[in-house]
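Reviewing the structure listed below.
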Amino acid sequence: MTEHKAYDRLVSELESLHARTLDQGEPCLPDLRMDFEQRLKQMSNLQRRIVVLQGLGDKLKAAFARPFTWTATGVAALALIGFWGWMRRPVLKVEVSPEPLRTAVQVLPAPAAVSSVSRVAADPCVAHIRAAGNQPSIDDFEDGNPLVGSFESRVGLWGLYRDTDTPGASMPLTPTIRPQPTRGNRFALHAVGGELRDWGATVQLSFQPSCYDASVYGGISFSAKGPGRVYAGVHEVRVVQVEWGGTCTHDCYNTHQKKVDLSARWQNYSLKWSELRQRGYDTPPLDATRVHSIAFLIQPGDTPFDIWIDDLKFIPR
Amino acid sequence: MLQVSGFPISRAAECLPGHEHLDAATCRRLQELDTESWGQFYLQHRRLIRGVLAGHLGYGADLEDVAQQVFVTAFSSVTARKVELAGDESGLRAWLVAIAIRLAYAERRRRSRFDTRSEPYELAHEMLPPCDPVRAEVFRRAREVIMQLPNRLQTPWLLRHFERMSLDEIASSVGVSLATVKRRLTSADARFRKLAQRDAVLREHLSDGGDA
Numbered sequence: 035m036t037e038h039k040a041y042d043r044l045v046s047e048l049e050s051l052h053a054r055t056l057d058q059g060e061p062c063l064p065d066l067r068m069d070f071e072q073r074l075k076q077m078s079n080l081q082r083r084i085v086v087l088q089g090l091g092d093k094l095k096a097a098f099a100r101p102f103t104w105t106a107t108g109v110a111a112l113a114l115i116g117f118w119g120w121m122r123r124p125v126l127k128v129e130v131s132p133e134p135l136r137t138a139v140q141v142l143p144a145p146a147a148v149s150s151v152s153r154v155a156a157d158p159c160v161a162h163i164r165a166a167g168n169q170p171s172i173d174d175f176e177d178g179n180p181l182v183g184s185f186e187s188r189v190g191l192w193g194l195y196r197d198t199d200t201p202g203a204s205m206p207l208t209p210t211i212r213p214q215p216t217r218g219n220r221f222a223l224h225a226v227g228g229e230l231r232d233w234g235a236t237v238q239l240s241f242q243p244s245c246y247d248a249s250v251y252g253g254i255s256f257s258a259k260g261p262g263r264v265y266a267g268v269h270e271v272r273v274v275q276v277e278w279g280g281t282c283t284h285d286c287y288n289t290h291q292k293k294v295d296l297s298a299r300w301q302n303y304s305l306k307w308s309e310l311r312q313r314g315y316d317t318p319p320l321d322a323t324r325v326h327s328i329a330f331l332i333q334p335g336d337t338p339f340d341i342w343i344d345d346l347k348f349i350p351r
Numbered sequence: 189m190l191q192v193s194g195f196p197i198s199r200a201a202e203c204l205p206g207h208e209h210l211d212a213a214t215c216r217r218l219q220e221l222d223t224e225s226w227g228q229f230y231l232q233h234r235r236l237i238r239g240v241l242a243g244h245l246g247y248g249a250d251l252e253d254v255a256q257q258v259f260v261t262a263f264s265s266v267t268a269r270k271v272e273l274a275g276d277e278s279g280l281r282a283w284l285v286a287i288a289i290r291l292a293y294a295e296r297r298r299r300s301r302f303d304t305r306s307e308p309y310e311l312a313h314e315m316l317p318p319c320d321p322v323r324a325e326v327f328r329r330a331r332e333v334i335m336q337l338p339n340r341l342q343t344p345w346l347l348r349h350f351e352r353m354s355l356d357e358i359a360s361s362v363g364v365s366l367a368t369v370k371r372r373l374t375s376a377d378a379r380f381r382k383l384a385q386r387d388a389v390l391r392e393h394l395s396d397g398g399d400a
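Chains as they are written, first to last, in the working numbering: chain A, 35 to 351; chain B, 189 to 400.
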């Protein structure tokens, strides 16, 4: 066999493998077509609005081509300027005695002893929500939005927080289509990020109000895919800073957590409350009656990261 | 206004599975932005576009997303009246492939900027067909060689050998003359052979005793 024939045979073999690999990954076609048509319908609506706006623009352009319109526009502009001047006219100032104001303020409830140095919040767990124990699923992400599943009065938002973000300016994390979607399981949470050097990143579900009583359950379980390493854990109210709904004023974010090594394939993980530990010695166990948020922490050493999380649920005691 | 037509339907195009000549009525419905016709059009050409994208980007999970983006871009061009569709399947294919190539290059640039850890050219394990590991290894190494080719040689090579496109269609998709496509294909074949000779597994398959 000549070298050319061998080359042709190799190329033909590669083409056949290429075709087989493509066909192997053929997901459900009718579903995909529906997705695509939905996408186009949304685009069509937008396009229609653009066309309407373009038509309006053309009409305005034609109107301004006539001298009468210029005169009318000039009059309207002068009227507007006059109205603006009238609105900004000097107003008579009235002096108010401070006594009635002081009386009004005294009616308001006096704040608790507020330190001038540090802010101390009222205990957010005074008005907590308690899990009933009959709907353990926290979020399967099939709703495709960053809100937690509304089971057992749970309200919360998924977010991705990175050390490079401005504090308080995190992005809500919206579920995306899984790498191999099935009819029953199409969405999962996907967090991707580059190299980080300070405290890393966290994929976090923050409950609202910021205290959730999950003591009826014994822990959490989830499925995840990496590769990579995360620290799955729970923020108690007392480790979260006051401004983010906790009660912590110093040495905050000492989370109850456990290291989880993720593989390149989906795997299920279960963590009992008793397995979650804070850093340091002789630290108290997790108080599951005062959960602020559920977090998947990524250390700077584990960045860049590319992790998938799905089917988060509580597990029974 | 660009008119997407003017290429004869080649024998290579006729051989492709799922190939159907677009009639004037279908073209008119596409031009009128009929969503169902676009859905059908998407299904007819999806295999070709996925093939082109997989050749350039690998068989990863986001392949379908980029493929849909190709059709969305095509749809946008029609809605913005940048193109007018004519009943010429070959011209349409070349136009779609040109969009796919442009998006594939953009996706590669995006990946190289933001996601340095991902391996866009590696086959995802889940996507590998159930074949013997030797063939899978040959395929993996061959893809590595293909990815070493510069874009101007790699794209014609992939379109010709993986998608069996005609030289006319390749010229139209890449935006060069027919003579340039022929020259680049010859050059790509020679470069592929040369690079493959440096690889122990591929060298064996290029020799007489190869069992590819």
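Glycine is no exception: its CB is placed at the ideal position from the N, C-alpha and C atoms.
field: Cutoff 6 Å; reference Y251(A); Cβ partners in own chain excluding five residues on either side
entry: Annotation for Y251(A): F348 place their beta carbon closer than 6 Å to its own, counting only its chain and skipping 5 residues before and after.
query: Taking all protein chains shown into account, do 16 or more other C-beta atoms lie within 10 angstroms of the C-beta of S365(B), making it buried, or fewer, making it exposed?
result: By the neighbour-count criterion, in which a residue is buried when 16 or more other Cβ atoms sit within 10 angstroms of its Cβ, S365(B) is exposed.
- prompt: H349(B) lies in the alpha helix (DSSP H); which residues open and close that run?
  reply: Run containing H349(B): 339-349, per the alpha helix (DSSP H) assignment.
message: Counting only beta-carbon separations shorter than 8 Å, does D344(A) have a partner in chain B?
response: Taking Cβ atoms only, chain B never reaches closer than 8 Å to D344(A), which makes this a no.
Neighbouring residues, chain B, relative to V45(A) (Cβ below 8 Å): In chain order, H349 make up the part of chain B whose C-beta sits under 8 Å from the C-beta of V45(A).
- prompt: So, is the C-beta of Q342(B) closer than 8 Å to a C-beta in chain A?
  reply: Using a Cβ-Cβ cut-off of 8 Å, Q342(B) does not count as an interface residue toward chain A, since no Cβ of chain A sits closer than that to its own.
message: Closest to R238(B) by C-alpha separation, out of L341(B), F350(B), A384(B), H393(B), would be which residue?
response: With distances taken between Cα atoms, R238(B) lies closest to F350(B).
- request: Out of F70(A), G91(A), D336(A), state which residue places its alpha-carbon closest to the alpha-carbon of E229(A).
  value: Checked all of F70(A), G91(A), D336(A); the closest Cα to E229(A) is D336(A).
- prompt: Which residue spans inside the region 152-184 of chain A form an unbroken beta strand (DSSP E) run of at least 3?
  reply: With a minimum length of 3 residues, the continuous beta strand (DSSP E) runs that stay inside the region 152-184 of chain A are 171-173.
message: So, with DSSP's three-state summary, where would you put Y265(A)?
response: The answer is strand: DSSP assigns Y265(A) an E or B state.
field: Where the alpha helix (DSSP H) through R234(B) begins and ends
entry: Element bounds for R234(B): 223-245.
query: Which chain A residues are close to T374(B), counting only those with a beta carbon under 7 Å from its beta carbon?
result: Within chain A, no residue comes near T374(B); the closest Cβ sits about 12 Å away, beyond 7 Å.
query: Hey, how far is the Cα of V274(A) from the Cα of A222(A)?
result: Between V274(A) and A222(A), the C-alpha separation is close to 27 Å.
Nearest candidate by alpha-carbon position, reference F263(B), set W226(B), M335(B), R386(B): Checking every option, the nearest Cα to that of F263(B) belongs to W226(B).
message: If you measure between the beta carbons of R331(B) and Y41(A), is that distance less than 8 Å?
response: Taking 8 Å as the cut-off, the Cβ atoms of R331(B) and Y41(A) do not count as close.
- prompt: For V325(A), which three-state DSSP category applies?
  reply: Three-state DSSP puts V325(A) in a strand.
- prompt: Would a check of beta-carbon distances place R73(A) closer than 8 Å to chain B?
  reply: Interface residue, yes.
- prompt: Quick one: what does DSSP say M353(B) is sitting in, helix, strand or coil?
  reply: If DSSP states are grouped into helix, strand and coil, M353(B) belongs with coil.
- prompt: Should V141(A) be labelled buried (16 or more other beta-carbon atoms within 10 Å of its own) or exposed?
  reply: With a pLDDT of only 35 at V141(A), under the threshold of 50, the placement of this residue in the model should not be trusted, and no figure is reported.
- prompt: Can you pull the DSSP bridge partners for V250(A)?
  reply: Beta-bridge pairing links V250(A) to no other residue.
field: Through-space distance from W233(A) to Q333(A), alpha-carbon basis
entry: Going from the Cα of Q333(A) to the Cα of W233(A) covers about 6 Å.
task: Over the uninterrupted beta strand (DSSP E) stretch that includes L373(B), give me the two end residues.
output: Counted as a single uninterrupted DSSP element, the stretch harbouring L373(B) is not any beta strand (DSSP E) but the alpha helix (DSSP H) occupying residues 366-385.
query: Does the beta carbon of F348(A) sit closer than 8 Å to a beta carbon anywhere in chain B?
result: No - not a single Cβ of chain B is within 8 Å of the one on F348(A).
Amino acids of chain A, ordered along the chain, whose beta-carbon sits closer than 8 Å to that of W226(B): Going along chain A in sequence order, the residues near W226(B) (Cβ under 8 Å) are F70, E71, L74.
message: Contact between the region 246-264 of chain A and the region 160-178 of chain A is defined here as three or more beta-carbon pairs at a separation below 8 Å; is this criterion met?
response: Put simply, the region 246-264 of chain A touches the region 160-178 of chain A. At least three CB pairs are less than 8 Å apart.
- prompt: Residues bridged to D340(A) by DSSP?
  reply: Per DSSP, V226(A).
field: Contacts that E176(A) makes with chain B (C-beta to C-beta distance below 7 Å)
entry: Under the 7 Å cutoff, chain B gives no residues; its nearest Cβ is about 18 Å from E176(A).
message: What does the alpha-carbon distance come out to for the pair E220(B) and A288(B)?
response: Answer to the nearest angstrom: the Cα atoms are 23 Å apart.
field: Run of the beta strand (DSSP E) containing D250(B), from where it starts to where it stops
entry: Segment: none, D250(B) is in no beta strand (DSSP E) and carries neither H nor E.
- prompt: Are L373(B) and P338(B) closer than 8 Å when you measure CB to CB?
  reply: By the CB criterion at 8 Å, L373(B) and P338(B) fall outside the cutoff.
task: Determine the direct distance from the alpha carbon of V258(B) to that of G183(A), and round the result to whole angstroms.
output: Our two residues, G183(A) and V258(B), have alpha carbons roughly 34 Å apart in a direct line.
message: Tell me the residue span of the beta strand (DSSP E) that contains V294(A).
response: Run containing V294(A): 290-296, per the beta strand (DSSP E) assignment.
Per-residue contacts from A242(B) into chain A (C-beta, under 8 Å): What A242(B) touches in chain A: H52, T55, L56.
- request: Can you have a look at F117(A) and say buried or exposed, based on whether 16 or more other CB atoms are within 10 angstroms of its CB?
  value: By the beta-carbon neighbour count (other beta carbons within 10 angstroms, threshold 16), F117(A) is exposed.
task: In the DSSP assignment, find the alpha helix (DSSP H) that holds V389(B) and state where it starts and stops.
output: From DSSP, the alpha helix (DSSP H) with V389(B) extends over 388-394.
- request: Would you list the residues sitting across from N355(A) in a DSSP beta bridge?
  value: Nothing can be reported for residue 355(A): it is not among the residues displayed for chain A, which extend from 35 to 351.
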